[in-house]
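Scroll down for the structure; my scribbles are underneath it.
Residue numbers (UniProt numbering): 1 to 910.
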């Protein structure tokens, strides 16, 4: 192999650091070439770094070269590292390239360079702080660390560009920078010249595209660039659709019960992962499974797709036995008790299941045993003796999730007996180091027991053939694709499907009468039995792969069982089962800076949310706004307050209320005549364009992004009203009054459209708007693909009232303390007795652009004062006082712009 690098080439830094790891693993020649030397014969422009492989192929992406070196050293890919590499390419590199060009080529300094970078640097700092690990993917250095360090080093090696308040980032950067391979790489590339060594290389590169200003996503300014891209033909087509009005809608399909597939129509079957019955779901469980699936189910119904949405409680297994023992109840009694709790929680969150069942039913036993018998007769079941952990104190074999110990792969100290939540690898419980029984904390012993195994290696070829046909063109999320590929890359192994328990589906085989099926063999079969309890024609859904599109929603830890174990079981059973077409997996939602914990009283759980005084639709909106789609996200009380008060109260609620009030106040409650100008026609086209984007995103199950389209249309509506001032024009001459009528009619029709787009996200708010506007039934139940006039001139609306209430700081602070850990039952009872403080309904106005500019100038001025004091090595107390002023100004600016207030992290103590 031959590695070509160049002095002053930023990409050479990480590859040289990574190459040091591969020394001795393969013969590697490193050549330094000039920045203009063309190394790759088929590229028209010079490109370094480049790795020429022994096969003659070339790698010329720094990230790909680093990955190759790490793979040579035996590194195993993991999901978190791959997420960081994707983030580095899509989020970090664009702003970093612009910052380096600005500094090195254009000679700018200070906030001109650092300003655009603050968001990405803060993201790295917060991620390091939240997981409390020294490196990006855990306790040991990974490929992600080397790639990000190499990208950031030219800039951050100057302390002026490494903000002091980002303590975790500083510690990480200094740890890597002091390692010998990184030091050598820096010396080779920068030649003791610092960032100026990059100038000859950067001067020959195209100037990076200027970055959009921070905060544009929440701006009320119209997006003139997008409006300008619409052709006259686009505008004509949009206006033609608008003018057809309700005639443009397809006929309403009659609602049937039970919902069954219809040949020739689109039949959508939606499941959300079955929650453990005795675990009260927290906000992360709710957004990861049932709420995400509910949005898609509601959207599917608005498209008039034939839709069945089902879920239920997973009730078998050791977890239930143990909970029953703790509460002095039978397993069935504990299931009945907690099943009712789940039903109440999902009802309050307005989850629109067609059926919500449970796995402790005779049909679950019948269907599971049938699939097992078919696998057995086809030779896909093995018998073997297994060594298991048995707790002598509890007198039972321990289920995987009731064993905890040190992960044998990554050293994580809270790994479960079946899987490590940190590195994601599957574990046999006896492989754990220092195992403990989670019930009594004693150390279990290893004992032998005879068990049945699903012969996954024998089914691997069938699975790969099925995946090869299913994945292309489907909407499997990237993390789901990666997890399944990782399993297949390592080779499938036989999977145990029985357990030494009493509470479960009995194994119908001689010699195994004292055992039950392992919950993850039969839990996914629960979808079939829940459907069978809903309708005796269940096979029309589950044995009909040609006519049914199956969407399955879950958190990423459930991917192997839905994307691999159940498909293998179904393929081996050879009974034409419907298999997942679109597997939708979220990352994890954290709580503030940590994890949800029922035992420690940390975080909001489903049974607590309704006691906060915050309506269910507000919870739905915020959880969907922060849905962890590409990476983990975190619930924040401060951010909840900001999003409610800015996006809901000030943006969406303000627009819809004003549109309705203008009709009531100026036109006697009847929609006025509308005579569209060219600007109005362009607005119709632009709203239509945003609606079509909403459809495209939701069809791809990009739920969080589609929500942004709703808010964008609302911002355009607010701006439209603000520019045209109908409250002034109504007092003018006939032409002015006609213009006021057109603007009001357009605005109230946009409000009607928003009410339907909101239905999947905020169903109660949606229904309230539709009642206030007296929207026709067809318009409420069908979402058109173009913006149409659903409230024509003469339509009478109902009584208009505000939709949202302001959340107050003291109200949110009380909730933060209440759910911050250690809350006592007594205090909860006291809070339950007192009614929550009524939220004040008021019109919130954002700071004007002049006020924001004043704050921007103050922040810049104060930032210069802090930098000068640091450069002069002034007294630490004086510096700290000025830094405090700077942070306070930034907080004021964030509030004025409607952005989340970031809490700065202190420097870690050495």
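Even glycine gets a Cβ: it sits at the ideal position worked out from N, Cα and C.
For residue 283, which option in 77, 592, 566 and 713 has the closest C-alpha, if you only look at C-alpha atoms? Translated into positions along the chain shown, residue 283 becomes position 283. If we check each option's Cα against that of residue 283, 592 comes out closest.
Sequence-distant residues of its chain with Cβ nearer than 7 Å to residue 495 (five each side left out): As a first step, residue 495 must be located in the chain shown, where it is residue number 495. For residue 495, where only same-chain residues beyond five positions count, the Cβ hits under 7 Å are 453, 454, 456 and 565.
Proximity below 8 Å, CB of residue 628 to CB of residue 588: Residue mapping note: residue 628 aligns to position 628 of the chain shown, counting from 1. Residue mapping note: residue 588 aligns to position 588 of the chain shown, counting from 1. In contact: residue 628 and residue 588 (Cβ atoms closer than 8 Å).
If you drop the 5 nearest sequence neighbours on each side, which residues of the same chain put their C-beta closer than 8 Å to that of residue 383? Within the chain shown, numbered from 1, the residue matching residue 383 stands at position 383. Closer than 8 Å at the Cβ level, and outside the excluded window around residue 383, lie 450, 451, 452 and 453.
Tell me whether residue 84 is buried or exposed, calling it buried when 16 or more other Cβ atoms sit within 10 Å of its Cβ. As a first step, residue 84 must be located in the chain shown, where it is residue number 84. Looking at its Cβ environment, which holds 16 or more other Cβ atoms inside 10 Å, residue 84 is buried.
Residue of 89, 360 and 299 minimising C-alpha distance to residue 523: Reading the chain shown from its first residue, position 523 is the one you call residue 523. The residue with the shortest Cα to Cα distance from residue 523 is 360.
Going by other Cβ atoms of all chains shown within 10 Å of its Cβ, with 16 needed for buried, is residue 735 buried or exposed? As a working note, residue 735 is residue 735 in the chain shown. By the 10 Å Cβ count, residue 735 comes out exposed.
Is residue 96 near residue 151, with beta carbons less than 8 Å apart? By 1-based counting over the chain shown, the position of residue 96 is 96. By 1-based counting over the chain shown, the position of residue 151 is 151. Result yes, Cβ atoms of residue 96 and residue 151 sit closer than 8 Å.
For residue 311, which of helix, strand or coil comes out of DSSP? Looking up residue 311 in the chain shown gives position 311. Strand at residue 311.
Check whether residue 477 and residue 292 have beta carbons under 8 Å apart: On the chain shown, residue 477 is found 477 positions in, with the first residue counted as 1. On the chain shown, residue 292 is found 292 positions in, with the first residue counted as 1. No, the pair does not count as a contact, with Cβ atoms beyond the cut-off.
Just checking my contact of residue 20 with residue 72 at CB under 8 Å: how many whole Å lie between their CB atoms? Sequence index remark: in the chain shown, residue 20 carries index 20 (1-based). Sequence index remark: in the chain shown, residue 72 carries index 72 (1-based). Actually they do not touch by this definition, with Cβ atoms about 12 Å apart.
In this structure, does DSSP put residue 273 in helix, strand or coil? Here residue 273 is taken as the residue at index 273 of the chain shown, counted from 1. Residue 273: coil per DSSP, three-state reduction.
By a C-beta neighbour count over all protein chains shown, 10 Å radius and 16 as the cutoff for buried, is residue 528 buried or exposed? Translated into positions along the chain shown, residue 528 becomes position 528. So residue 528 counts as buried.
What residue from 132, 889 and 787 has the CA that sits closest to residue 248's CA? Residue numbering aside, residue 248 sits at position 248 when the chain shown is read from its first letter. Nearest C-alpha to residue 248: 787.
Hey, residue 800 and residue 688: beta-carbon distance below 8 Å or not? Locating residue 800 in the chain shown gives position 800, where the first residue counts as 1. Locating residue 688 in the chain shown gives position 688, where the first residue counts as 1. No. Outside cutoff.
Alpha carbon to alpha carbon, how far is residue 414 from residue 299? Give it in angstroms, no decimals. Reading the chain shown from its first residue, position 299 is the one you call residue 299. Reading the chain shown from its first residue, position 414 is the one you call residue 414. Going from the Cα of residue 299 to the Cα of residue 414 covers about 39 Å.
Excluding the 5 residues preceding and the 5 following residue 318 in the sequence, name in chain order all residues of the same chain whose CB lies nearer than 7 Å to its CB. In the chain shown, counting from the first residue as 1, residue 318 sits at position 318. Excluding residues within five positions, the ones whose Cβ falls inside 7 Å are 399, 402 and 501.
For residue 804, which of helix, strand or coil comes out of DSSP? In the chain shown, counting from the first residue as 1, residue 804 sits at position 804. Here residue 804 sits in coil by DSSP.
With a threshold of 8 Å on Cβ separation, who are the neighbours of residue 104 within its own chain once the five nearest residues in sequence on each side are excluded? On the chain shown, residue 104 is found 104 positions in, with the first residue counted as 1. 195, 196, 198, 199 and 202.
Quick check on residue 218: does DSSP put it in helix, strand or coil? As a position in the chain shown, residue 218 is number 218, starting the count at 1. Confidence is the limiting factor: at residue 218 the pLDDT is only 31, short of 50, which leaves the residue's position unreliable, though a coordinate-based value still follows. Reduced to three states, the DSSP call for residue 218 is helix.
Separation of residue 540 from residue 512, as counted between CA atoms: For the purposes of this step, residue 512 is taken as the residue at position 512 of the chain shown. For the purposes of this step, residue 540 is taken as the residue at position 540 of the chain shown. Rounded to the nearest angstrom, the two C-alpha atoms are 33 Å apart.
Just to confirm, are residue 136 and residue 117 a CB contact at a threshold of 8 Å? Within the chain shown, the letter at position 136 stands for residue 136. Within the chain shown, the letter at position 117 stands for residue 117. No, the pair does not count as a contact, with Cβ atoms beyond the cut-off.
Suppose you measure from the CA of residue 630 to the CA of residue 431; what does that come to, to the nearest Å? Working through the chain shown from its first residue, we reach residue 630 at position 630. Working through the chain shown from its first residue, we reach residue 431 at position 431. Approximately 31 Å, taken between the alpha carbons.
Who are residue 495's beta bridge partners in DSSP? Position 495 of the chain shown, counted from the first residue, corresponds to residue 495. Paired residue(s): 454.
So what does DSSP say about residue 820, is it helix, strand or coil? Along the chain shown, one-based indexing puts residue 820 at 820. Note: residue 820 maps to strand in three-state DSSP.
Boundaries (first-last residue) of the beta strand (DSSP E) holding residue 404: Taking the chain shown and counting its residues from 1, one reaches residue 404 at position 404. Segment 403-406, the beta strand (DSSP E) holding residue 404.
Residue ranges of each alpha helix (DSSP H) within the stretch 419-485, 4 or longer: 456-470
Taking the alpha-carbon positions, what's the residue 108 to residue 153 distance? Translated into positions along the chain shown, residue 108 becomes position 108. Translated into positions along the chain shown, residue 153 becomes position 153. The alpha-carbon separation between residue 108 and residue 153 amounts to approximately 18 Å.
So what's residue 52 in DSSP terms, helix, strand or just coil? Along the chain shown, one-based indexing puts residue 52 at 52. Here residue 52 sits in strand by DSSP.
May I have the straight-line CA-CA distance separating residue 825 from residue 458, to the nearest angstrom? For the purposes of this step, residue 825 is taken as residue 825 along the chain shown, with counting starting at 1. For the purposes of this step, residue 458 is taken as residue 458 along the chain shown, with counting starting at 1. Because the pLDDT of residue 825 is 41, which lies under 50, any placement of that residue in the model is unreliable, and the number read from its coordinates should be weighed accordingly. Going by the C-alpha atoms only, they are around 54 Å apart.
I'd like the ranges of any alpha helix (DSSP H) spanning at least 4 consecutive residues and lying wholly in the stretch 287-361. 292-302, 318-327 and 331-348
Just confirm the distance between the C-beta atoms of residue 804 and residue 613, as a whole number of angstroms; I'd bet it's less than 8 Å. As a position in the chain shown, residue 804 is number 804, starting the count at 1. As a position in the chain shown, residue 613 is number 613, starting the count at 1. About 14 Å; that fails the 8 Å criterion.
Inter-residue Cα distance where the pair is residue 269 and residue 534: Translated into positions along the chain shown, residue 269 becomes position 269. Translated into positions along the chain shown, residue 534 becomes position 534. Taking the straight line joining both Cα atoms gives about 13 Å.
Taking the Cβ atom as the reference point for each residue, do residue 619 and residue 321 lie within a distance shorter than 8 Å? Within the chain shown, residue 619 is the residue found at index 619, counting from 1. Within the chain shown, residue 321 is the residue found at index 321, counting from 1. No, the pair does not count as a contact, with Cβ atoms beyond the cut-off.
Just to confirm before moving on: does the CB-CB distance between residue 666 and residue 744 stay below 8 Å? Taking the chain shown and counting its residues from 1, the one referred to as residue 666 is at position 666. Taking the chain shown and counting its residues from 1, the one referred to as residue 744 is at position 744. In this structure, residue 744 lies closer than 8 Å to residue 666 by Cβ.
Tell me whether residue 262 is buried or exposed, calling it buried when 16 or more other Cβ atoms sit within 10 Å of its Cβ. Position 262 of the chain shown, counting from 1, holds the residue named residue 262. The residue is exposed, with fewer than 16 neighbouring Cβ atoms inside 10 Å.
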